[in-house]
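Novice:
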Amino acid sequence: MKTLTCFDDFKALHDRLRAQADPNTTTIVIPAGTCGIASGAAELIREAQRAILANDLAGRVALRVTGCHGFCQMEPSILVEPRRTFYPKVNPDDVERIVRAAALDEVIESLLPPGPMGGPCVATQDQIDFFARQARGVLSGNEKVDPTRIEDYIAQGGYSALVQALSRSDAGWVIEQIKISGLRGRGGAGFPTGKKWELARNARAVGGKKFVVCNADEGDPGAYMDRSLLEGNPHAILEGLTIAAVAIGATHGVIYVRSEYPLAIKHAQIALRQARDMGLLGEDILGSGTRFDIDIVQGAGAFVCGEETALIRSIEGRMGEPRQRPPYPIAKGIFGAPTCINNVETLANIPFIIRHGADAFAGIGVEGNTGTKIFSLVGKIRNTGLVEVPLGMPLKEVVHEIGGGPAGKTRIKAVQTGGPSGGCIPASLFDLPISYDSLTKAGSIMGSGGMIVMDENTCMVDVARYFMNFLKDESCGKCFTCRKGTQRMYEILEDITLGKGTPEHIDLLEELALVVKDTTMCGLGQSASNPVLSTLKYFREEYRRHVEEKRCDAYVCKNLVGAPCQAACPVDTEPWRYVALIEKGQYDEAYRIIRQANPFPAVSARVCDRKCESRCSLGVGGGESVAIRALKRFITDRVDPAVYRPEVRSTNGQARKIAVVGAGPAGLAAAHGLSLLGHKVTVLEAEQESGGMLACSLPAYRLPREIVRAEVATLMNENITVRHGVVFGQEVTLEGLSAEGFDAVFLAIGAHESWRLDLKGEDLAGVYPSMQFLKAFNLRGEELASGHVGIIGGGNSAVDAARVALRQKDVTSVTLLYRRTRGEMPAYEEEVEAALEEGVTIETLVSPVKIRVRQEEIETALREGVELETLVSPIRICSREGRLVGIECIRNRLGDLDASGRRRPVPVPGTEFTLQFDTLIVAIGERPQSAPLAAMGLATDKSGRVKVDPKTLATSVEGVFAGGDLVTGPNTVIDAIAAGKKVADVIDRYLRGEPLVEPAEAKLPTVFLEPADVDEEDLENTTRAVPPVLPVEKRKKNFREIEKPLSAEQARAEARRCLRCDLAFTQERQPVCGQSAAVGEEYA
Amino acid sequence: MITLTINGLDVSVEKGTTVLEAAQFLGFPIPTLCHMEGLTPYGACRLCVVEIGEGPGAKLVSSCTYPAEPGLKVRTASLRVMRARKMILELLLASCPQSKEIQDLASKHEITQQRFRQEYSDCILCGRCVRMCEEQMMAKAIGFRGRGEKRSIGTPFDVPSEVCRQCGGCIYVCPACSLRCTYTQPEKAICGGCANLSPPCLQKDSFDDMMCYMDPCVACEIKKP
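Residue numbers (the numbering used here), protein chains in the order written: chain A, 8 to 1091; chain B, 517 to 741.
1. I'd like the span of the beta strand (DSSP E) that includes residue 33 of chain A, first residue to last.
2. Using the three-state DSSP reduction, which class does residue 645 of chain B fall into: helix, strand or coil?
3. Do residue 261 of chain A and residue 305 of chain A count as a contact pair if the criterion is CB distance below 8 Å?
4. Keeping to the same chain, check which residues put their C-beta closer than 6 Å to that of residue 10 of chain A; ignore five residues upstream and five downstream.
5. At the 8 Å Cβ level, is residue 718 of chain B part of the contact set with chain A, yes or no?
6. Nearest chain A C-beta to residue 728 of chain B closer than 8 Å, yes or no?
7. From the DSSP output, which residues share a beta bridge with residue 302 of chain A?
8. Taking one C-beta from the segment 476 to 493 of chain A and one from the segment 404 to 411 of chain A each time, how about it: are there three or more such pairs within less than 8 Å?
9. Let me know the secondary structure DSSP gives residue 885 of chain A once reduced to three states.
10. For a minimum of 3 consecutive residues, which ranges assigned as the beta strand (DSSP E) are wholly contained in the segment 926 to 998 of chain A?
11. What does residue 947 of chain A reach in chain B if we use C-beta pairs closer than 8 Å?
12. May I ask you to report which of helix, strand or coil DSSP gives residue 69 of chain A?
13. Got a sec, what are the start and stop residues for the beta strand (DSSP E) residue 687 of chain A sits in?
14. Are at least three pairs of beta-carbons, each pair with one atom in the segment 231 to 246 of chain A and one in the segment 207 to 217 of chain A, less than 8 Å apart?
15. Return the residues of the segment 537 to 567 of chain B that lie within a Cβ-Cβ distance of less than 7 Å from chain A, sorted by chain order.
16. Please report the distance separating the alpha-carbon of residue 1094 of chain A from that of residue 654 of chain A.
17. Nearest to residue 62 of chain A by CA position, among A/103, A/31, A/74 and A/76, is which residue?
18. Under 8 Å by Cβ, that's how I've got residue 536 of chain B and residue 564 of chain B pegged, so tell me the actual separation to the nearest angstrom.
19. Determine the contact status of residue 318 of chain A and residue 278 of chain A, defining contact as a CB-CB distance below 8 Å.
20. What's the call for residue 302 of chain A, buried or exposed, on a 16-neighbour Cβ count within 10 Å?
21. Let me see if you follow: with CB-CB separation under 8 Å, is residue 586 of chain B close to chain A or not?
22. Considering only their Cβ atoms, is the gap separating residue 1061 of chain A from residue 719 of chain A smaller than 8 Å?
23. Cβ atoms of residue 224 of chain A and residue 7 of chain A: under 8 Å apart, would you say?
24. State buried or exposed for residue 737 of chain A, treating a residue as buried only when at least 16 other CB atoms are found within 10 Å of its CB.
25. Residue 392 of chain A to residue 134 of chain A, Cα distance in whole Å?
26. Give, in chain order, every residue of the segment 599 to 630 of chain B whose Cβ lies closer than 8 Å to some Cβ of chain A.
27. Report the residue from A/955, A/959 and A/431 whose alpha carbon sits nearest the alpha carbon of residue 973 of chain A.
28. Strictly below 7 Å CB to CB, what residues from chain A border residue 660 of chain B?
29. Three-state secondary structure (DSSP) at residue 130 of chain A?
30. Can the beta-carbon of residue 880 of chain A be found less than 8 Å from the beta-carbon of residue 826 of chain A?
31. Who are the Cβ neighbours of residue 943 of chain A in its own chain at under 7 Å, not counting the five residues just before and after it?
32. Identify every residue that forms a DSSP beta bridge with residue 555 of chain B.
33. Where does residue 462 of chain A sit, in a helix, a strand or coil, going by DSSP?
34. Write down every uninterrupted run of the alpha helix (DSSP H) in the segment 284 to 332 of chain A whose length is 4 residues or greater and which is fully enclosed by it, in chain order.
35. Quick one: list the residues of chain A neighbouring residue 512 of chain B, beta-carbon separation under 9 Å, in chain order.
36. State the beta-bridge partners of residue 396 of chain A as determined by DSSP.
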C-alpha cells in the first residue's frame, strides 16, 4: 500500500477508487457481523464464493462481506445490489439460486420477505417497514463497506472529512462546526460534544501529552450498536477520532474496547494498520505536520469501566474504579494529562457532520436534540435489530411501526431504555418524543440506546430484580451506598418475587433507592436506582399485587404462581391435579377435584374461557397448551355428579337469612356456598327459569339447556329457596328485604341492557337489541329474525346472535358488521370461523362501537357461514312505513395507534354504502340495568356498574354485596362463578363479625401425585387433542350441541402431555422413602 | 485563597482544601468513617455527604473528596443530607452491627430501626487499612479485590504477603474492629498484628465480646487474671 504524503495524493487515490467503483455492478452483500456469523453467515459466504466461481460469474457478480446491517433477527441475510433485493434468513442451499438470479438481474420471489398482513412480497430492502421508517446516517455505511478494506471506505468518501479538517488553517473551525451541529454525546449523558472539545482544546497538555479516547466499553445487556459500528465501519471511528485529535490538539488516541468484542477488536486493528500504512495516522499525517496515533486498549468487561474516570484508571493499568469529579478528565485524565472521552457513535457522527455540513446535521431531529441515534430494539417485539432514527421521533413509532408491534397476541406494556441504569417507560407514555431530556423527565435515560420492549408476560418487579442483580455484581463496590444499596434493593426485590414481601418493603425500597441515587459518586450508582424508581413510579400496582395479594399477573414469579393453570383459574381449580388423575384413570376423584372448586363443572366444561390454557406452560413455551377444558368435559360427561357430596356445615342454630338477587352463575354459586355454610338462602329471579345468562343468552348449541338445568338442580338443597318471576326494584326493594328479616343481600342481576347505537330509527320494527333478541328465542322460543339479517358488533354476543339468527327458519342471510378488522374482533376466533362456515357474512371496519368478545367464537361463526364485513360503521337506519329496510354504512380505515397499540378506525369520506336488511340486531355490548339500584342508594359508575370494594365485594350500603356482570360489566361465566363463590365466604364472615378477608397467600400446589412415566420423544410427537364437532350440514338449522367429548384414549393421551408444573412444589416435600431410610440406618 | 459559603457562612481556604476540611474549620460537625487524617481522601463510606448547589442543580457530594471551589454553596445538615446519612447508618448497622464506631454514630443520629436483613460482617470496605498500608507504612501489602458485592480486602491470592511487616497499622485504623484479625489461626493472618500487639488476646477463645483492638484493650484488661 502506498503511503500518502500530501492531500493531493489522497485526492488522487480517492478519485481513482471512486472511478473504479461502479454502483451498477451486481453485488451480493452478505452481512457478517457477530450476529450474522452467529446465525451462519460464514457458510453463506462460502456458498456464494463457490457459486460465483462455479457459474463462471467472477467479474460479473461481486461479493461484499460487510458488518451488520441492523436487521439482526433476519440473519443470515443477503442483499443484492443494485436492485437492493433483500433475502432474509437465507438457507445456504438457496445461495446458488440467489447468485444466479442476481447475475440475470432477476428476483426469487419465494425467498422474499412476506409483506405486511400477508400482503404481496416486499421487493427491496428499502420498502420493508423496518428499514423504510429509519433515517440511516451512521449505520448506512455498514452495508456499503467491507470493514477490512480501507479502499471501500475511501471510495465512499471516507477520510475526506479528515482532509478537510487538516487543511483548514483556523484550528477552531472543526469545533465551531460541531457546535453548530448540536451533536450531543451518544454515550448517554448527552453532553454537547462541541463544548467538550472546546474545553479539551483549552486544557494545557501535561508532559506534552493530550489524550482523546473512544469509549467502546459497551456493557448494557441488550445494547450493541457500538460493537456493530466498530465491526462494520471501523474507519469511520478512526476518522472521527483523528478529527477530534486535530480539533483539540491531542497527541495520543485510545480505543478502549471490551475484550468480549473480538471481531470489533480485529477489525479495528486491521483498520489501524491500514490507516498507518497509508499515512492517515502517524508522525506526519498526509504531510500536514499533524502527529497522532491510536492504540487499542482492551478492557476486561467490567460494566463500571464505561464510566469515564474508571475507564481512565483502567487504561492506566489500575483497578477500574471511579473517582470524584472534579477534576474532570478534560483537566486531569490519563496519567494526569487532559483526556477527552467520546462514545463510538459520537465519533462515527463526526465525519458525517464535516462532510455534509453542520447545518445538514442540525436539520435532522429536533431543537436541542439534533441528528440521529441508533437504538438496539430487542425484547418482545416483532422486528428486532438496530434502528437509527432522528431524535424526537415518538417512542410509539419506533415500537409499533419500525418494531412492528408485539411479537405475539399480547400487548406491549413498557419499554426499558438505557440499559440497567435506565428506566421503564409505560405504554401510556409512548407518545413521548425520544430525546435526552424527555427520557430523563420520564424517569429513564437515553443511555447508550438499548431499548428492551416488554409485554404482558413481563413482570416489572422481576425486571427490576434482574437489573439490580446485574448492578450489584457490576457496581465497583467503592461507594458503600452503591455496593450495599444495590445489594439490599436486590434482596428486597427478591423477597417480593418470592412472596415474602410486605407493604413496608415497598416504602423501604423507594426510600433506599432515592438515597442510593443521591449519595453515590459516579454515574453508575446515581442511575442504579432508575430500574426500581421507574417501575415503582409507573407499575406500583404490580408491586402492590405481589405484596398484598401475592399475585404475579405476568406469571413470572414462580413462588407466587405455582402451577400457572391453577393460578389462572378464578375459582382456584387445580387443573394439574385432575389432569394427572385422568392420566391415572381415576375419573371419580378427578370429578371431585373439579367440583370442590367449581359448583358448575359441566357448564364450565363447555363455556369457560379457559384462562388456564392460555397460561399453560406448554403453550407459553411455544407448544400447544394442554386441552384442559376438553379434559374437564370428558370427566363431567362421564362421571355422575353424585360422587361428590358436599358437606353442610352445622350452624348450631346460628343460621342466618340471606337474600340473593339473580339466579345466574354468580347468584347460584353464592347461594350454594352460603347454603353449605348452613345459612338459609332465598334466591329471587326475574325470569321464569334459573341460570341467568346461561339460560337466556348462551345459545343451546354451545350449552344445551338440559345441562344447565341439571347442573342447577345439583346445587339446590333444603337451605335454598328460589322465587321466580320476582323483578328486583319492582316487587322487592332493599328496604323490603331488610324488613323481611334478611341479614345480608347479594346482588347479582347481571348486565342485560344492550347499548344503543344512538342512530335515528333504532326503535323501528325489525331493529332489536341483541339481548332482547336472544332472550326472546332462548326463553320463549320466539324467532324475531327474518329475511336478510344484519348484526352490528364484533363481540361474542354479536357472534352468538348471528349464529342464532342463522338457525331461525325465516332467515335467508346473516351479515356481521364490524368497525375494525377481523384480527381485532373480540369474539372467539373459532366461533367466528364456525359462523362463517354456517353462512354468516361479516363486514369489518364497519361498526361504530367497542365490544368485548373472544377470538375462537369468531372462527366458529365464520365456519358456520356468517358473512363478515369489517371496517364499516353504520351511519343511518333506513325505513319504509315504520319498518326497517336497511342501513347506511361508511367504510373505515385503520388510523393512528391509540395508547394500547391498536389502530383506531377512521371513517373514509365518500365510501358510504347501503345494505338491505329485514332485521337488524344491535350487539355492541351490554350494561347492567342498575338505575333502580342507584335509586336505592347504591353507588354506581357511569356505565351502570355497581361500585364495590374489590377485595370484599361490599357495596356502599351496609350488609349489601354485589358481584358478577353487575359489577364488572359483561364478563365471563367463570368470573361470575368466582364472584359468587367468594362472596359466600365474605358474607359468612360478615355475619359472624369477623374481618371480611384474610391476608392473601399464594395458591401453590400442595398434593403430591406420582408423575406418569412419559417418554420424552413420544411426547414431542403428540399434538393437542381436538374434540370432534358436528359437521356444518348437520348443525346449520338446529340447536344440537356442536362440540363432542374426547374419547378415553384421547383424554388420557392428552393428560400425559401435561408438564406437571406442580411437581416443583410438591416433589421435594415427599420423603424419598428408600433413600431416607437407608441414610437413617447408617447413622443409627 | 478560595471563598465558599458553608451553611450561610463565608469561609476562605487555601486551594486544594476539601469541603470537609473547610466545614471542620468552621466547626460544623460532619460524621466520617472512611476519612482519616494522614490518609488520602477516598470517598467510600458516603457518610460525609453534603449538599452543594442550589435549585434543581443541587446535589449531594462526599465532602471529604470534593475540592473547595470559589462561590460554592454548601449545606452540611439539610433535610436531604440528614435523610441520606440516616439511611447510610441504617445500612451500616445492618451490615456491621458490632462495630463500636458505627454504633456510636448511629446513636448520635438517633437511628432507632434497622429494616434490612441482618448481617454480621466485619468489614465495611472503607479502605482505611489499604491506604494506611500503602501511604503510611509504604508496604502495599493489602488491597481491594473483586467488584460489587464480591469486593473484599486482602493480600493478592490470599497468600501471606512478603512485603507485610506485620506492623498492625491496618488494624489500628479499622473502624469495624475485629476486622482482619484471624489470630485464632495466626498462620492465615494477613498481618499478624494481633499476635504482635496484644499477646494476652491469644489466650482468649473468641473476640465476641471485644469492642476494640487497641490500647487500652478493654477486653484484654478485663480478662487479666
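Where a beta carbon is used, it is the ideal one built from N, C-alpha and C, also for glycine. Keep in mind it's a predicted model, so treat the numbers as computed, not measured.
Specialist: With the given structure in hand:
1. Against the first sequence, residue 33 of chain A aligns to sequence position 26. Looking at the DSSP string, the run of the beta strand (DSSP E) that includes residue 33 of chain A is 33 to 38.
2. Looking up residue 645 of chain B in the second sequence gives position 129. It is helical.
3. Within the first sequence, numbered from 1, the residue matching residue 305 of chain A stands at position 298. Within the first sequence, numbered from 1, the residue matching residue 261 of chain A stands at position 254. Taking 8 Å as the Cβ cut-off, residue 305 of chain A and residue 261 of chain A do not qualify as a contacting pair.
4. What you label residue 10 of chain A is simply residue 3 of the first sequence in a count that begins at 1. 286, listed in sequence order.
5. To locate residue 718 of chain B, count along the second sequence from 1; it is residue 202. Legend: pLDDT at residue 718 of chain B = 42, less than 50; position of this residue unreliable, no value from coordinates given.
6. Translated into positions along the second sequence, residue 728 of chain B becomes position 212. Confidence is the limiting factor: at residue 728 of chain B the pLDDT is only 36, short of 50, which leaves the residue's position unreliable, though a coordinate-based value still follows. So, not an interface residue.
7. Translated into positions along the first sequence, residue 302 of chain A becomes position 295. According to DSSP, which records beta bridges pairwise, residue 302 of chain A is partnered with A/261.
8. Using a Cβ-Cβ distance cut-off of 8 Å, the segment 476 to 493 of chain A and the segment 404 to 411 of chain A are not in contact, since fewer than three pairs of beta carbons, one from each stretch, lie closer than that value.
9. Residue 885 of chain A sits at position 878 when you count from the first residue of the first sequence. In this structure, residue 885 of chain A counts as strand in the three-state DSSP scheme.
10. Every beta strand (DSSP E) of 3 residues or more that sits fully in the segment 926 to 998 of chain A is shown, in chain order, as 926 to 929 and 967 to 969.
11. Working through the first sequence from its first residue, we reach residue 947 of chain A at position 940. By Cβ distance, chain B contributes nothing, its closest Cβ being about 42 Å from residue 947 of chain A, past 8 Å.
12. Position 62 of the first sequence holds residue 69 of chain A. In this structure, residue 69 of chain A counts as strand in the three-state DSSP scheme.
13. Translated into the one-based positions of the first sequence, residue 687 of chain A becomes position 680. Residues 687 to 692.
14. no
15. 559, 560, 561, 562 and 565
16. Outside the displayed span of chain A (8 to 1091) sits residue 1094 of chain A, for which this structure offers no information.
17. Taking the first sequence and counting its residues from 1, the one referred to as residue 62 of chain A is at position 55. Taking residue 62 of chain A as reference, the option from A/103, A/31, A/74 and A/76 with the minimal CA-CA separation is A/103.
18. Translated into the one-based positions of the second sequence, residue 536 of chain B becomes position 20. Translated into the one-based positions of the second sequence, residue 564 of chain B becomes position 48. Going by Cβ atoms, the distance from residue 536 of chain B to residue 564 of chain B rounds to 6 Å, so yes, they are a contact pair.
19. Sequence index remark: in the first sequence, residue 318 of chain A carries index 311 (1-based). Sequence index remark: in the first sequence, residue 278 of chain A carries index 271 (1-based). Cβ distance not < 8 Å, so residue 318 of chain A and residue 278 of chain A don't count as in contact.
20. Here residue 302 of chain A refers to the residue found at position 295 of the first sequence. Taking all protein chains shown into account, residue 302 of chain A has fewer than 16 neighbouring C-beta atoms within 10 Å of its C-beta and is therefore exposed.
21. For the purposes of this step, residue 586 of chain B is taken as the residue at position 70 of the second sequence. It does not; no Cβ of chain A falls within 8 Å.
22. Residue 719 of chain A sits at position 712 when you count from the first residue of the first sequence. Residue 1061 of chain A sits at position 1054 when you count from the first residue of the first sequence. No, they are not a contact pair.
23. Residue 7 of chain A is absent from the structure shown; chain A starts at 8 and stops at 1091.
24. In the first sequence, residue 737 of chain A corresponds to position 730, counting from 1. Looking at its Cβ environment, which holds fewer than 16 other Cβ atoms inside 10 Å, residue 737 of chain A is exposed.
25. Position 385 of the first sequence, counted from the start, is the residue given in the question as residue 392 of chain A. Position 127 of the first sequence, counted from the start, is the residue given in the question as residue 134 of chain A. So the alpha carbons of these two residues sit roughly 17 Å apart.
26. 599, 600, 603, 604, 607, 608, 610 and 611
27. Against the first sequence, residue 973 of chain A aligns to sequence position 966. Checking every option, the nearest Cα to that of residue 973 of chain A belongs to A/955.
28. Translated into the one-based positions of the second sequence, residue 660 of chain B becomes position 144. In chain order: 326.
29. Here residue 130 of chain A refers to the residue found at position 123 of the first sequence. Coil.
30. For the purposes of this step, residue 880 of chain A is identified with residue 873 of the first sequence, where counting begins at 1. For the purposes of this step, residue 826 of chain A is identified with residue 819 of the first sequence, where counting begins at 1. Contact: yes.
31. In the first sequence, the residue the question calls residue 943 of chain A occupies position 936. Excluding residues within five positions, the ones whose Cβ falls inside 7 Å are 740 and 741.
32. The residue you call residue 555 of chain B lines up with position 39 of the second sequence. According to DSSP, which records beta bridges pairwise, residue 555 of chain B is partnered with nothing at all.
33. Locating residue 462 of chain A in the first sequence gives position 455, counting from the first residue. It is a strand residue.
34. As for any alpha helix (DSSP H) of minimum length 4 sitting wholly inside the segment 284 to 332 of chain A, the runs are 315 to 322, ordered along the chain.
35. The requested residue 512 of chain B is not part of the displayed model; chain B covers only 517 to 741.
36. Numbered from its first residue, the first sequence carries residue 396 of chain A at position 389. Listed as beta-bridge partners of residue 396 of chain A by DSSP are A/380.
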